[in-house]
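Down below is the structure, laid out as structure tokens.
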Amino acid sequence: MRRLMRTAALLGALVAPLVPAPAGAADEQGTYANPVTQGVVDTFPDPAVIKGKDGYWYAYGTENPVFQSRGENTERKLPILKSRDMAHWEYAGEVFTPESQPSWHDKSRLWAPDVRYSGGKYHLSYSVPGKDTVGVATAPTPTGPWTDQGAMLPKPSGCATGNIDQATFTDDDGTAYLYWGSYDTLCVAKLNADRTRIKGKVTEIAKGSQMEGGYVIRHGRYYYLLYSDAGCCDGAYSGYQIKAGRSTSPFGPFTDDEGVKLTEPTSKGAIVAGANGNKWIGPGHHAVQTDLSGQDWLLYHGISADDPDLDRIPALPDRQLTKRPMLMDRMDWIDGWPVMRAGAGPSEEREQAPVAEWDAGGSFGEGSLDGWRSEGSAWQAAEDKDAHGYAAGASSDKASFLLSDDSAPADVRAEADLKVTSGSGAAALVLSHRGRGDYTAAWLDRGRKALVTEAVVDGRSRGTKATALPDGFAWDQWHTVTAELRGDRLTAEVSEDRLGDPVARQEREVPEARSGAVGTAVRGGSAAADNVGAARLYTPVTERVPEPSTGQRLPGYSDEFTGSGQPGEDWSWVRGPAAGADIGDGGLTWPTQGGALGLDKNTAPVLTRAAPKGDYTVETKLHFAPDQAGQQAGLILYGGDDRFFKNVHSVAAYRHHAGQVLHRSEFGKEGPRPTTDPPQPVAQAPIYGGPTADTMWLKLQKRTDEANGETEVRAATSRDGKHWVWNGVWTLPGTEELKLGLVSMGAEGADARFAYVRTYVD
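Residues -25 to -1, 1 to 737, numbered by mature numbering (1 follows the signal peptide of the UniProt record, and there is no 0), are exactly what the sequence shown covers, in order.
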């Protein structure tokens, strides 16, 4: 499993790993390796991440035995980590202890935190599975002390789902929303003014097999719902992936990249991240952060194939917990969609680290203005409990500037935490400052109730542009103002917490970018500023890694199903022949059988034939319109009843919608799971691919990893034979030859019609 599939290897040529160094640490050359929590905690599932007003990043995780390797066999309740750069982390406490946990939880375990900053407080929501609800606590700093605010959802919640896996989002009109749901439905509702309870209508926005972990960000004109599906926590059989849908409204409808609504009863595409054949399995339940250059990053949990399971703990003797450390990888925006590392998936080798230091500027954590200079009225250092040190200034109608001694590049991303502390006036982020008559600024203008940008060149304003801020905007609380200047295009945003939910966003043309100082300014009142800096603007990745290709067709391992009767002599049956299977009219028609193929229930017929030696891709065209849970048909690479890979169109019942069924592109594997306690001789699990249709094209691509003694298989599906959704990678130990095969099983009553089986050498 150390060797990536060919697609990922192609990307490796573009982003070749740098010098080796210990895993989990960023070195002085600015690289890191996953997991970023190596040596800090053993496991850190479902991470939520925020950049605090003190300039540190903070991460919060699901309740888990995070210090098991140190002999601690109990769980920490919502553990907290702290970092200067998102690559080096240190333990920073936990939200609750057994003694401080609110009594209304009834000692439930606590899962899946989400953290936001609003109204001068940190709001940490979390799942309370023992009560089937979501709780929330608030604190003045990222590490507490935390004050319980009760449950956010009523009973019943109004959503037919497991009431966990929540995330908050704030729209540009200031309205806050709560997204939540697990296994199988996601919902959204507005939040009340203090963001502690939902209110009004509950809207169902997505339905899918084991769908959960919804997280909404705004990018351009779209709202993006990123979520995970399949199994999160089944060790080496965890099929978790991150997927996306987008909409022009926070209420949806959200669609995938083929235009399929996320509420449709089918699996979905737009895969953001999936397993790629290296050591990392089941990437999912993520957070999104932006580094100081403007590059987005996914922080998520993954499972090491070498070490997938935790030891059992006394509090959960009947549970096998999965070890899920925190990983981090670049998130690119390509053709309007988010994708991890241009489609290469989780990284195992060293990667370029996030930009966490400014070229110019800094924070005022030491209560000092060293490295800064004033123009106009003097600025002073001040302190508070959350931001620690910050700069405070006041001015009359003429602006007063506080500027960095250092200069930042021309194409730049700048940011500052700002607040207007007087009843009138304005505070600004200043960039490209080359003198009082030569700068660009993004003002929080209290008088105009707006984000106002201004470009001044040679002492003359080149025009201002105002974007209204929401009613109720808290001027006296910290807000982050960011500005990206690329050539002559300026993009400015205002948000509370840098979490992809700006309350104002503006784009405009300005004079060509030039290098200059970064800083802050105040005009017509008093203001405060912190974390003021600028870094060279990131260079976006705009092309995905190439999709896998197929080589020359191998007629000796293919069949067009011409003629009539039973399949030819190259085919053989396991538990067959299947009743009703017959070739005619240019295809093989095979009614679904009532048998199964899985674990200890191996009663279904399997049609097999020899496969070529080495690496290959096998494809079929399938017409199949099932309507009952359990029915499935498609391709299989068969090494026996306890060792196989399958890519099928399957049907399952929704967990929370009685009588309704869901169609799935199901990519499954079965094999041993020796790492559990006790070892499991046979385990099975799925990954879910793209949308289904009555007529589909299915592929399985097989690779042999001789060096590590493993077989790697990747699946793809298509609804037109041209556009393919490539799934993640499953692996199994051993390199024994597999047979090509077909299945049609699960429940009687549907006909599978296979137009052909074609095999290609790669």
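Built from N, CA and C at the ideal position, the CB exists for glycine as well.
1. So residue 513 is in the beta strand (DSSP E); what residue range does that whole segment cover?
2. Looking at the structure shown, is residue 744 part of a helix, part of a strand, or coil, going by DSSP?
3. Please report how far the alpha carbon of residue 146 lies from the alpha carbon of residue 203, in whole angstroms.
4. Strictly by DSSP, which residues pair up with residue 757?
5. Which whole-angstrom value describes the C-beta separation of residue 431 and residue 412, a residue pair presumed to lie in contact below a C-beta threshold of 8 Å?
6. So, are the CB atoms of residue 715 and residue 586 less than 7 Å apart?
7. For residue 186, which residues does DSSP report across the bridge?
8. Taking residue 396 and residue 472 to be in contact with their CB atoms under 8 Å, please state how far apart those CB atoms are, rounded to whole angstroms.
9. Since residue 633 is in the beta strand (DSSP E), which residue starts that stretch and which ends it?
10. Reducing DSSP to helix, strand and coil, say where residue 80 ends up.
11. Work out the CA separation of residue 50 and residue 74 for me, nearest whole Å.
12. Between the beta-carbon of residue 166 and the beta-carbon of residue 142, is there less than 7 Å?
13. Alpha carbon to alpha carbon, how far is residue 657 from residue 726?
14. Who are the Cβ neighbours of residue 434 in its own chain at under 7 Å, not counting the five residues just before and after it?
15. Can you give me the C-alpha to C-alpha distance between residue 18 and residue 600, rounded to a whole angstrom?
16. In this structure, does DSSP put residue 44 in helix, strand or coil?
17. When every heavy atom of the ligand NAD is checked, does at least one fall within less than 6 Å of the C-beta of residue 725?
18. At the level of alpha carbons, what is the spacing between residue 530 and residue 733?
19. For residue 306, which residues does DSSP report across the bridge?
20. According to the Cβ coordinates, are residue 675 and residue 690 closer than 7 Å?
21. Can you find the residues in the same chain that come closer than 7 Å, C-beta to C-beta, to residue 44, ignoring five residues on each side of it along the sequence?
22. Classify residue 394 as helix, strand or coil using the three-state DSSP reduction.
23. If I'm right that residue 182 touches residue 238 with Cβ under 8 Å, what's the distance once you round it to whole angstroms?
24. Would you kindly work out how many angstroms separate the C-alpha atoms of residue -11 and residue 304, rounded to a whole number?
25. Within 10 angstroms of the Cβ of residue 677, are there 16 or more other Cβ atoms? Answer buried if so, exposed if not.
26. Apart from the five residues just before and just after residue 118, which ones in its own chain have a Cβ nearer than 7 Å to its Cβ?
27. Jot down the residue ranges of each uninterrupted alpha helix (DSSP H) in the region 663 to 725, minimum 4 residues, whole runs only, in chain order.
28. Thinking C-beta only, is residue 719 closer than 7 Å to residue 546?
29. Could you work out which residue in 15, 28, 6 and 22 is closest to residue 455 when comparing CA atoms only?
30. Would you mind stating whether residue 580 and residue 615 have Cβ atoms separated by less than 7 Å?
31. In three-state terms, what does DSSP make of residue 210?
32. Looking at residue 651: is its Cβ nearer than 7 Å to the Cβ of residue 284?
33. Which word fits residue 335, buried or exposed, when buried means at least 16 other C-beta atoms lie within 10 angstroms of its C-beta?
34. Put residue 298 into one of helix, strand or coil per three-state DSSP.
35. I'd like to know if residue 625 contacts chain D, where contact means its C-beta is closer than 7 Å to some C-beta of that chain.
36. Which same chain residues, not among the five before or five after residue 341, have their C-beta less than 7 Å away from its C-beta?
A quick look at the data gives this:
1. Taken as a continuous stretch (DSSP letters only), residue 513 belongs to no beta strand (DSSP E), as it is neither H nor E.
2. Nothing about residue 744 can be reported from this structure: the residues present for the chain run from -25 to 737 only.
3. When rounded, the distance between both Cα atoms is 22 Å.
4. The chain is shown only over -25 to 737; residue 757 falls outside these bounds and no answer can be derived.
5. Your pair residue 431 and residue 412 checks out as a contact, with CB atoms roughly 6 Å apart and the cut at 8 Å.
6. In contact: residue 715 and residue 586 (Cβ atoms closer than 7 Å).
7. DSSP, once it has assigned bridges, lists no residue as partnering residue 186.
8. Contact between residue 396 and residue 472 is ruled out by a C-beta separation of about 20 Å, above the 8 Å threshold.
9. Neither: residue 633 is in no beta strand (DSSP E) and is coded neither H nor E.
10. Residue state, collapsed to three classes: helix.
11. About 13 Å.
12. When the beta-carbon positions are compared, residue 166 and residue 142 stay at least 7 Å from each other.
13. Computed Cα separation, rounded: 30 Å.
14. For residue 434, same chain residues with a beta-carbon under 7 Å away, outside a window of 5 residues either side, are 412 in chain order.
15. Answer to the nearest angstrom: the Cα atoms are 42 Å apart.
16. It is helical.
17. Questions concerning the ligand NAD fall outside what the structure shown contains, since it holds no ligand whatsoever.
18. A direct Cα-Cα distance of roughly 8 Å separates residue 530 from residue 733.
19. The partner list for residue 306 (beta bridge, DSSP) reads 271 and 315.
20. Yes, the pair counts as a contact, with Cβ atoms nearer than the cut-off.
21. The answer, listed in chain order, is 17.
22. Strand.
23. The Cβ separation is near 5 Å, so the contact holds.
24. Caution applies to residue -11, whose pLDDT of 34 falls short of 50 and renders its modelled position unreliable; the value that the coordinates give is listed next. Using only the alpha carbons, I get a separation of about 12 Å.
25. Here residue 677 is buried, its C-beta having at least 16 other C-beta atoms within 10 Å.
26. If we look at residue 118 and ignore the five residues flanking it on each side, its Cβ neighbours are 55, 67 and 68.
27. Listed in chain order, there is nothing to give.
28. The Cβ atoms of residue 546 and residue 719 lie no closer than 7 Å to each other.
29. Nearest option by C-alpha distance: 28.
30. In this structure, residue 615 does not lie closer than 7 Å to residue 580 by Cβ.
31. Looking at residue 210 - three-state DSSP - the assignment turns out to be helix.
32. Contact flag set, yes.
33. Residue 335 comes out buried.
34. Reduced to three states, the DSSP call for residue 298 is coil.
35. Absence of chain D from the displayed structure is noted, only one protein chain being present.
36. Closer than 7 Å at Cβ, skipping near neighbours: 364.
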